[in-house]
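In the working numbering, the protein residues as written are 0 to 146.
Cβ atoms here follow ideal geometry from the backbone N, Cα and C, with glycine treated the same way.
The model shown is predicted, which means the values in this text are computed figures rather than measured ones.
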Ligand code: HEC
């Protein structure tokens, strides 16, 4: 009887190991699911907070939708709080009243200090290298919406 018990221990360990692997697999597939949800979310191009959020995400996490031959948009060149302010300024370039109009002045200053090297002073960029940030809707947003 006690020998049978000894045999049961490795079996039990095997079962535990099997289920913990399975749990890890489930967690991974949830993460993958949330990523694809992020990619396939449609962004309403006529809603100021949605456009600001898109811009904020591009600044914080970078972007490589266009696959330009030069470089992708680098992530995190400014702090997340600064990104919100720049997004407020960029929303005005598309004719929106941003959710925090009081951030526009500082956002403009931050944009000139951090972004115009690539996107040019008026934010118009350079065809084939840096996207035009005054285009309405932003082309990257349009591409994301298409899926
Ligand atoms: C090193 C050059 C570079 C710098 C600096 C840079 N960008 Fe970009 N940016 C790019 C490139 C390249 C893309 C296109 C990325 C892609 O392929 O998705 C881009 C894309 C974007 C987009 C998306 C445009 C669209 O049509 O969807 C926004 C918004 C943006 N940048 C804002 C900024 C802001 C704000 C800053 C400053 C904090 C900044 N960028 C700094 C190169 C740069």
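Opposing strand residues paired with residue i [DSSP bridges]
i: residue 62; result: 72
i: residue 125; result: 129
CB-CB length for residue i against residue j, believed under 8 Å
i: residue 82; j: residue 47; result: Not quite, the Cβ-Cβ distance comes to about 16 Å (not below 8 Å), so this is no contact.
i: residue 60; j: residue 74; result: 5 Å
i: residue 122; j: residue 92; result: 6 Å
i: residue 85; j: residue 106; result: 5 Å
i: residue 44; j: residue 140; result: 6 Å
i: residue 57; j: residue 72; result: 6 Å
beta-carbon residue i near the ligand HEC non-hydrogen atom, thresh 8 Å
i: residue 76; result: yes
i: residue 128; result: yes
i: residue 113; result: yes
i: residue 63; result: yes
i: residue 99; result: no
i: residue 146; result: no
i: residue 139; result: yes
i: residue 117; result: yes
i: residue 110; result: yes
i: residue 69; result: yes
i: residue 85; result: yes
i: residue 58; result: yes
i: residue 82; result: yes
i: residue 44; result: no
i: residue 48; result: no
i: residue 8; result: no
i: residue 79; result: no
The stretch 59 to 73 in contact with the stretch 125 to 141 per 3-pair CB rule at 8 Å: yes
Cβ pair count under 8 Å reaching 3, the stretch 110 to 118 against the stretch 94 to 102: no
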